[in-house]
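In UniProt numbering, the protein residues as written are 1 to 495.
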């Protein structure tokens, strides 16, 4: 899962958990590092202190009354023949004494002299001892000193080398003290500390999980509310302002911006609706004026022709008068139908829903089309729904009229009206084998005043769509050019 696909709440939750884990790992790493540094310093200091004590002990014995030998390098084995074991036992250390050339003189380890009689200090150590000058903190003097460190079988060994001097500060031997770093006690302390740290980490982690869950929920609660309200924002309806208390400064700024936008949107929607209504009525007025002018022209010509040719003594005056009257009546009927269509579209009667049998009502609506090839089918004899009777008849008759008018003259018309039910809906389909709807006109079919016919105002399908949507239904169509079209109306049984 990609990070960018995670919700803000999940990101906050994971961030806090990762932060606690990172802090715990970092603290553990620092603790281990600090332990290693302290252990190193401890062993270095301990070796230095033991070395200083041994060196002091050797010097006191070397320059004391109990020593009857002359203090020089070749006499060191004789001077410390027995005392070196006593010194080693007191200080619990192995002690080796070498001559100034690095050859072994005497050792506190039994049998070492015979086994390692030819052993000597390496040239690298001798060179380091000669050139390394260290400051002794206790005596506050500088001295030649070198510590050799090596690891063997997983254990660390230190071996210090310093000069033994006589009472005139002349070097007479090299003191070597091997030292094994034993960390059993420190390792146990570190283990105990890490156990406590893990326990503390688990407590902190559980606490962090609870706090992260609550905090992420608290932070995103306001955002979720804002998101839900924004998702319901629509231009065509009145939108609610957001009222959120106890929020951060950033969310308050977001809410203020949204509320300001809603106010501007509502004002813009009012202006837009007003403008659209005005524009629609202007277009409608132009259309009505155009449609009314069409029958007025033949009416005017008919009256003028009647005036010019009127002769009371003409024996055919009555038949001519009937012909002129029929022409005028026909044009008046055309104007009346135009006015009725405009009136029906402009002012839709209020819904008067009633429980009725849709099959029976559609049968009544189709009775006026007996002269056409209309086939009516249905899933059941009785499909009960709540609908406005008059408007249901208007929907069916308009769809059927539209299908009839789409028939070409050279084709036998066939119109199939079907009623079905399912999923709590009533579905009415009107299929024809007419010319169909051209591809470029599919988006305009339900627009007011759109028509491809030479007569009519193009309000029929717009009126049907208005009625269907008033009953919380939908209308759609499928069409294939020159093969026909099928209009489908779906509305709930009890809207």
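Glycine included, C-beta positions come from ideal geometry on N, C-alpha and C.
DSSP puts residue 357 in a beta bridge; with which residues? In DSSP, residue 357 forms a bridge with 384.
So who's on the other strand from residue 413, going by DSSP bridges? DSSP, once it has assigned bridges, lists no residue as partnering residue 413.
Residues that DSSP places opposite residue 375 in a beta bridge: Residue 375 is bridged to 416.
Own chain partners of residue 85 with C-beta closer than 7 angstroms, once the 5 adjacent residues on each side are dropped: Excluding five sequence positions before and after residue 85, the CB atoms of its chain that fall closer than 7 angstroms to its own CB belong to 108, given in chain order.
Would the region 23–31 count as touching the region 55–73 if we require 3 or more Cβ pairs under 8 angstroms? Fewer than three beta-carbon pairs drawn from the region 23–31 and the region 55–73 are found closer than 8 angstroms, and the two stretches are therefore not classed as touching.
Once the 5 residues before and after residue 96 are set aside, which same chain residues still bring their CB inside 6 angstroms of it? Same-chain partners within the cutoff: 107, 176.
Please classify residue 268: is it buried, with 16 or more other beta-carbons within 10 angstroms of its beta-carbon, or exposed? Taking all protein chains shown into account, residue 268 has fewer than 16 neighbouring C-beta atoms within 10 Å of its C-beta and is therefore exposed.
Output the residue ranges of the beta strand (DSSP E) runs that lie fully inside the region 31–61 and measure 3 residues or longer, sorted by chain position. Runs of the beta strand (DSSP E) inside the region 31–61: none found.
Under the three-state reduction of DSSP, which class applies to residue 160: helix, strand or coil? DSSP places residue 160 in strand when its eight states are reduced to three.
Would you identify the three-state DSSP class for residue 143, choosing helix, strand or coil? DSSP places residue 143 in strand when its eight states are reduced to three.
Can you tell me whether residue 398 is buried or exposed? The criterion is at least 16 other CB atoms within 10 Å of its CB, across all chains shown. Result: buried.
Distance CB(residue 446)-CB(residue 472) smaller than 7 angstroms: The Cβ atoms of residue 446 and residue 472 do not sit closer than 7 angstroms to each other.
I need the DSSP call for residue 17, collapsed to helix, strand or coil. In this structure, DSSP gives residue 17 a helical state, which the three-state scheme calls helix.
Euclidean distance between Cα positions of residue 204 and residue 190: Whole-angstrom Cα-Cα distance: 20 angstroms.
Assigned exposure category for residue 162 - 16 Cβ within 10 Å defines buried: Looking at its Cβ environment, which holds 16 or more other Cβ atoms inside 10 Å, residue 162 is buried.
Hey, residue 133 and residue 144: beta-carbon distance below 7 angstroms or not? Yes.
Beta-carbon proximity list for residue 483, same chain, < 8 angstroms, skipping 5 on both sides: Taking residue 483 as the centre and dropping the five residues before and after it, the same chain places the C-beta of 433, 436 closer than 8 angstroms to its C-beta, in chain order.
Give every residue of the same chain whose Cβ lies closer than 8 angstroms to the Cβ of residue 352, excluding the five residues on either side of it in the sequence, and list them in chain order. Around residue 352: 388, 389, 390.
Distance check for residue 426 and residue 462, CA to CA, integer angstroms please. Cα to Cα, residue 462 sits roughly 20 angstroms from residue 426.
Less than 7 angstroms separating the beta-carbons of residue 490 and residue 470? Taking a C-beta distance under 7 angstroms as the contact criterion, residue 490 and residue 470 do not qualify as a contact pair.
Where does residue 479 land, buried or exposed, given buried means 16+ other C-beta within 10 angstroms? That one is buried.
Classify residue 457 as buried or exposed, calling it buried when 16 or more other Cβ atoms lie within 10 Å of its own Cβ. The predicted position of residue 457 is uncertain, since its pLDDT is 40 and thus under 50; a value taken from the coordinates is nonetheless stated next. Buried is the call here.
Smallest Cα separation from residue 304: which of 325, 81, 105? Comparing Cα-Cα distances from residue 304 to each of 325, 81, 105, the minimum goes to 325.
Which residues in the same chain as residue 452 place their Cβ atom closer than 7 angstroms to its Cβ, once the five residues preceding and following it in sequence are excluded? Unreliable positioning characterises residue 452 in this predicted model, as indicated by a pLDDT of 49, which lies under 50. A coordinate reading is not provided.
Does the distance from the C-beta atom of residue 382 to that of residue 423 stay below 7 angstroms? Judged by beta-carbon spacing, residue 423 lies beyond the 7 angstroms limit of residue 382, meaning their Cβ atoms are not closer than that value.
Does DSSP put residue 366 in a helix, a strand or coil? Residue 366 sits in a helix when the DSSP states are folded into three classes.
Suppose you measure from the CA of residue 131 to the CA of residue 192; what does that come to, to the nearest Å? Answer to the nearest angstrom: the Cα atoms are 43 angstroms apart.
Between residue 44 and residue 36, what straight-line distance do the alpha-carbon atoms span, to the nearest angstrom? Approximately 12 angstroms between the Cα atoms of the pair.
Contact between the region 8–21 and the region 55–68 is defined here as three or more beta-carbon pairs at a separation below 8 angstroms; is this criterion met? Short answer: they don't touch.
Per DSSP, cross-strand counterpart(s) of residue 421: Per the DSSP secondary-structure output, residue 421 pairs in a beta bridge with 426.
Could you tell me the boundaries of the alpha helix (DSSP H) in which residue 73 lies? It is not in any alpha helix (DSSP H) - residue 73 carries neither H nor E in the DSSP assignment.
Cβ separation of residue 79 and residue 62, assumed to be a contact under 8 angstroms, to the nearest whole Å: So it is a contact: roughly 6 angstroms between Cβ atoms.
Check for me: the alpha helix (DSSP H) holding residue 88 runs from which residue to which? For residue 88, the enclosing alpha helix (DSSP H) starts and ends at 83–91.
Cα-Cα separation, residue 336 to residue 373: Those two C-alpha atoms are separated by around 28 angstroms.
Rounded straight-line distance, which links the Cα of residue 178 to that of residue 149: Approximately 10 angstroms between the Cα atoms of the pair.
Given a cut-off of 7 angstroms on the beta-carbon distance, is the pair residue 396 and residue 365 in contact? In this structure, the beta-carbon distance from residue 396 to residue 365 falls below 7 angstroms.
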